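Counted the way the numbering used here counts, the sequence shown spans residues 2 to 159.
Using N, Cα and C, we set each Cβ at its ideal position, and we do this for glycine too.
Please read these numbers as outputs of a predicted model, since none were measured by experiment.
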Amino acid sequence: MSSKLFTSVLIALAVLGASLARLPAAEVAPRVIKIRAGVENAMKFEVASIAAAPGESITVALTNACAYPKNVMGHNWVLLTAGSDPTAFAGAAATEAASGYIPEKQKEKVVAFIKLLGPNETGEVTFTVPTAPGEYPFLCTFPAHCAIGMKGVLVVKK
């Protein structure tokens, strides 16, 4: 192969490589976590702990498996920032029925949430896991549910 042809091939490969480098990376589908709430009318989530990697994309799919009406035993899923007190947040939420039991004055503590669901309803949220390692509490903010034990934790580890 002549040096001129060899040089042309190298230039063509370099241009092709540069073009490929600018293509968007293949999107990775979020990991799906399915959680049932209110199974046998109990005030708890079937999943109380979720391990996650920093920056991971997750979809939480919550199903209210309770038989009671939404205004009696609705369930939601609210993920809070690390270090937040879920019991205090639930206390502030107890009088916030109009906002789905998400207190407006504490919205900065909410990382992600699924709205209040009635019997056999399913809702979901897709979010990017925070990059800081730590424990991020999640809870149901319907009055008294967190206090009885309807809470859990998203554990972010490197």
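- Contact between Phe139 and Val154 holds, since their C-beta atoms are separated by about 7 Å, short of 8 Å.
- A residue is called buried once 16 or more other Cβ atoms fall within 10 Å of its Cβ, and Gly39 is buried on that count.
- Pro87 counts as buried, since at least 16 other C-beta atoms from the protein chains shown sit within 10 angstroms of its C-beta.
- Segment contact: the segment 39 to 48 against the segment 84 to 101, fewer than three CB-CB distances shorter than 8 Å; contact not assigned.
- Ser50 sits exposed, since fewer than 16 C-beta atoms from the chains shown fall within 10 Å of its C-beta.
- Rounded to the nearest angstrom, the Cβ distance from Thr60 to Glu125 is 6 Å, consistent with a contact under 8 Å.
- In the three-state reduction of the DSSP assignment, Pro55 falls in the coil class, being assigned neither a helical nor a strand state.
- For Val40, the three-state secondary structure derived from DSSP is helix.
- In this structure, Leu117 places its C-beta atom within 7 Å of the C-beta atom of Asn77.
- Ser100 sits in a helix when the DSSP states are folded into three classes.
- Straight-line measurement puts the Cα of Glu109 at about 25 Å from the Cα of Thr64.
- Met74 and Arg37 have their C-alpha atoms some 14 Å from each other.
- If you look at Phe139, you'll find it in the beta strand (DSSP E) that goes Gly135 to Leu140.
- Just so you know, the alpha carbons of Val130 and Val112 end up roughly 9 Å apart.
- Taking a C-beta distance under 7 Å as the contact criterion, Lys35 and Ala54 do not qualify as a contact pair.
- Under the criterion of beta carbons closer than 8 Å, Thr127 and Ser58 qualify as touching, at roughly 7 Å.
- In this structure, the alpha-carbon of Lys152 lies about 18 Å from that of Gly119.
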